[in-house]
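**Q**
In the numbering used here, the protein residues as written are 2 to 244.
#1: Out of 84, 203, 52, 118, state which residue places its alpha-carbon closest to the alpha-carbon of residue 92.
#2: Scan the stretch 106 to 182 and note each continuous alpha helix (DSSP H) run of 4 residues or more that stays entirely inside, going in chain order.
#3: May I ask which residues mark the beginning and end of the beta strand (DSSP E) holding residue 215?
#4: With a threshold of 7 Å between beta-carbons, can residue 199 be considered close to chain B, or not?
#5: Which same chain residues end up closer than 7 Å to residue 159 when comparing Cβ atoms and leaving out the 5 residues on each side of it in sequence?
#6: Per DSSP, what kind of secondary structure is residue 99 in: helix, strand or coil?
#7: Does the separation of the CB atoms of residue 72 and residue 28 fall below 7 Å?
#8: So, with DSSP's three-state summary, where would you put residue 227?
#9: If I measure Cβ to Cβ from residue 150 and keep anything under 8 Å in the same chain, skipping five residues before and after, which residues do I get?
#10: Using three-state DSSP, classify residue 91 as helix, strand or coil.
#11: Can you tell me which residues form a DSSP beta bridge with residue 204?
#12: Which of helix, strand or coil does DSSP assign to residue 45?
#13: One question on the structure: do residue 193 and residue 225 come within less than 7 Å of each other, judged by their Cβ atoms?
#14: How big is the Cα-Cα spacing for residue 82 and residue 157?
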């Protein structure tokens, strides 16, 4: 009898332990839990207002598994980067939406655009397309490594492009270790390969200070995100945020 009673006690203890190990994950408020996970793992959430006040269960484990459990029964999309990191969680539906889940991969970043360079004496030249106020495109060679702070154009070219310089006072623009006097103007746009920039500031230079050349300025190079490749034979344009 004593042995039988002892076995019953042991079995009861084992059953209790097994029941405790199988307890369900605690319920949490979904929006709050998502906010904490997003801050901890550096991803964004859109549509979080759809789940305010809803309850879900937050388990341990890998991030995506935790999100799946937390959002069980809730329409959601998980965006991942090319290396598999969770980048964004989208909650498109309300309470009455049919629960679906999908995983999408963020598009791989586009490769940079590349423009061919040619040499003109000791200088490097790239051809860009300048657009006048009337929208007329004009392919134009520009010296790349001139040290000009602003894109500089000979005055006759500015006139051909229809730049309105009447009443404009000349300004000093750095050109290498020197300065040049130029009338500030503005092109409607400049196209460099697939990139098109609008409202581009230029300086129009009278006389022979530029030797008849157009100079690509550091300001425009910066807007294009342009850099020389290692061989100095190409101009590389880093993709813009919206590319």
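Where a beta carbon is used, it is the ideal one built from N, C-alpha and C, also for glycine.
Source: prediction; values computed, not measured.
**A** Taking the coordinates as given:
#1: Taking the chain shown and counting its residues from 1, the one referred to as residue 92 is at position 91. It is 52.
#2: Whole alpha helix (DSSP H) segments, 4+ residues: 156 to 161.
#3: Residue 215 sits at position 214 when you count from the first residue of the chain shown. For residue 215, there is no enclosing beta strand (DSSP E), as DSSP gives it neither H nor E.
#4: This model lacks chain B altogether, as it is built from one protein chain only.
#5: Within the chain shown, numbered from 1, the residue matching residue 159 stands at position 158. Close CB contacts of residue 159 within its chain, under the 7 Å cut and outside five residues either way in sequence, are with 166, 186, 205 (chain order).
#6: Within the chain shown, the letter at position 98 stands for residue 99. Residue placement at residue 99 is poorly supported in this model, since its pLDDT is 40, which falls under 50; the coordinates are not used for a value here.
#7: For the purposes of this step, residue 72 is taken as the residue at position 71 of the chain shown. For the purposes of this step, residue 28 is taken as the residue at position 27 of the chain shown. Taking a C-beta distance under 7 Å as the contact criterion, residue 72 and residue 28 do not qualify as a contact pair.
#8: Mapped onto the chain shown, residue 227 falls at position 226. Residue 227 sits in a strand when the DSSP states are folded into three classes.
#9: Within the chain shown, numbered from 1, the residue matching residue 150 stands at position 149. Correct list, in chain order: 174, 175, 176, 218, 219, 220.
#10: Within the chain shown, residue 91 is the residue found at index 90, counting from 1. In the structure shown, residue 91 falls within a strand segment according to DSSP collapsed to helix, strand and coil.
#11: Counting from one through the chain shown, the residue named residue 204 turns up at place 203. Within the DSSP secondary-structure output, residue 204 pairs in a beta bridge with 153, 185.
#12: For this step, residue 45 is matched to residue 44 along the chain shown. Reduced to three states, the DSSP call for residue 45 is strand.
#13: Taking the chain shown and counting its residues from 1, one reaches residue 193 at position 192. Taking the chain shown and counting its residues from 1, one reaches residue 225 at position 224. Yes, the pair counts as a contact, with Cβ atoms nearer than the cut-off.
#14: As a working note, residue 82 is residue 81 in the chain shown. As a working note, residue 157 is residue 156 in the chain shown. Their Cα atoms are separated by approximately 50 Å.
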